[in-house]
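Everything on this sheet refers to the single structure shown next.
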Amino acid sequence: PTGEQNKKSNKQSKPKEPATNQRKEFKPLDGEVRALTKRGIREDTCKKYGYKIGRMSGGEWVQYVDVRDPFTRELVAQKIRTEDK
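Residue 1 is where the sequence shown starts when you use full-length UniProt numbering, and the numbers rise one by one after that.
In structure tokens:
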């Protein structure tokens, strides 16, 4: 692009919103530790690493693991794996 075209494209771009560090609240799943037989993971391994099985609000069964802040150990998220994965 020529210098004139660059000026035009720069004028058309919108300024980006500043990033916020606010966390969205979420409702953590409540489940239980079980062996993940289809993945070949034993129950004792699931317990060690915090893998659990629970239901989503729509009733779908999922596997999940809690994600914690490394310093405060506060629950900040859950990594969810659905059946189709």
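In this text, a Cβ means the ideal position worked out from N, Cα and C, and glycines have one as well.
**OP:** Label Lys-79 either buried or exposed according to how many other C-beta atoms from any shown protein chain fall within 10 Å of its C-beta, with 16 as the threshold for buried.
**Re:** Indexing the sequence shown from 1 puts residue 79 at position 79. When all chains shown are included, Lys-79 counts as exposed.
**OP:** Go ahead and pull the three-state DSSP assignment for Gln-27.
**Re:** To locate residue 27, count along the sequence shown from 1; it is residue 27. The residue asked about is misnamed: residue 27 is Lys in this sequence, not Gln. Looking at Lys-27 - three-state DSSP - the assignment turns out to be coil, as it is neither helix nor strand.
Original post:
Taking the C-alpha atoms as reference points, what is the distance between Thr-82 and Tyr-64?
Top reply: Here the question's residue 82 lines up with position 82 in the sequence shown. Here the question's residue 64 lines up with position 64 in the sequence shown. Approximately 9 Å, taken between the alpha carbons.
Original post:
Exposed or buried, what is residue 100 when buried is set at 16 or more other beta-carbons lying within 10 Å of its beta-carbon?
Top reply: The chain is shown only over 1 to 85; residue 100 falls outside these bounds and no answer can be derived.
Original post:
When you compare each of Lys-16, Lys-38 and Gly-31 to Ser-57 by their alpha carbons, which one comes out closest?
Top reply: Counted from its first residue, the sequence shown places residue 57 at position 57. Per the Cα distances, Gly-31.
Original post:
Taking Cβ positions, are Leu-29 and Tyr-51 nearer each other than 8 Å?
Top reply: Here residue 29 corresponds to residue number 29 of the sequence shown, with the count starting at 1. Here residue 51 corresponds to residue number 51 of the sequence shown, with the count starting at 1. No, these two residues do not count as a Cβ contact at 8 Å.
**OP:** Specify, as a first and last residue, the run of the beta strand (DSSP E) that Thr-82 falls within.
**Re:** In the sequence shown, residue 82 corresponds to position 82, counting from 1. Thr-82 -> beta strand (DSSP E) spans 75-82.
Original post:
Alpha carbon to alpha carbon, what distance is there between Ala-77 and Phe-71?
Top reply: Stepping through the sequence shown from its first residue, residue 71 is reached at position 71. Stepping through the sequence shown from its first residue, residue 77 is reached at position 77. Distance between the alpha carbons of Phe-71 and Ala-77: 15 Å.
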